[in-house]
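Numbering (the working numbering), first residue to last: 219 to 429.
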């Protein structure tokens, strides 16, 4: 019940056909593939054709293991060791001038995903304009701001139990800690954004070019 609903009159009735055998492999799929077919729960199911339609790597998370921050750690190492902490899901302390669009804690679970991308893009444009006005070429965030937002995400996580119970990329195959879901399901993203943009308290601006 946690996957996307199907909108087709013939899809679900297909499973009731006499030549169709439905095997529930939740939550982690089949156990292995053999020369004759697939094995799940100790039973081998012979197949003539196996179609790989089990999913794909939709987010370029490998990039998180390539980019290093100011302390020499990659973004993946930072999140693994310190916990996933971001400001609006877009910025992480120690990775100046880096914006992760639709990343962890960044939104998308409770509203239209296209709108989320648009909101994130507008935020980045606002930041570039603000940096230009301040004569800054580097922007980072404070530890306090990302801790506060991460704590809010952890609290909002309690309202996304259906996503947490669903083993998928939403929750890192069931291993994500509270507040680290791919999608932020809370309702205060814009409130935090507006407050931060008005006060500029979450940000640390610097000018290093020419120094």
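Virtual Cβ for every residue (Gly too), placed ideally from N, Cα, C.
All values derive from a computational prediction rather than experimental measurement.
On a CA-only basis, which of the options is nearest residue i? Give me that one, please.
i           : options               : result
residue 251 : 425, 346 and 260      : 260
residue 423 : 324, 314 and 322      : 314
residue 317 : 354, 256 and 293      : 293
residue 418 : 374, 426, 427 and 341 : 341
residue 270 : 283, 354, 280 and 256 : 256
residue 411 : 228, 425, 337 and 351 : 337
residue 374 : 284, 325 and 249      : 325
residue 349 : 289, 427 and 300      : 427
What residues are listed by DSSP as bridge partners for residue i?
i           : result
residue 424 : 356
residue 305 : 309
residue 264 : 255
residue 250 : 257
residue 292 : 286
Label residue i either buried or exposed according to how many other C-beta atoms from any shown protein chain fall within 10 Å of its C-beta, with 16 as the threshold for buried.
i           : result
residue 308 : buried
residue 236 : exposed
residue 311 : buried
residue 303 : buried
residue 245 : exposed
residue 331 : exposed
residue 208 : Lying before the first or after the last residue shown, residue 208 is absent from the chain, which here runs from 219 to 429.
residue 212 : No answer is possible for residue 212: it lies beyond the span of the chain, which begins at 219 and ends at 429.
residue 296 : buried
Report all residues from its chain with a CB closer than 7 angstroms to the CB of residue i; omit the five preceding and five following residues, and keep chain order.
i           : result
residue 345 : 357
residue 305 : 359, 363, 364, 367 and 420
residue 241 : 258 and 263
residue 232 : 238
residue 282 : 292, 293 and 294
residue 219 : Unreliable placement is indicated for residue 219, whose pLDDT of 46 sits below 50; the coordinate value is still reported in the next sentence. If we look at residue 219 and ignore the five residues flanking it on each side, it has no Cβ neighbours.
residue 335 : 319 and 320
In chain order, what residues of the same chain have a beta carbon less than 6 angstroms from the beta carbon of residue i, not counting five sequence neighbours either side?
i           : result
residue 286 : 292
residue 361 : 311
residue 254 : 264
For residue i, I'd like the list of residues in its chain whose CB is within less than 8 angstroms of its CB, leaving aside the five on either flank, ordered along the chain.
i           : result
residue 224 : 230
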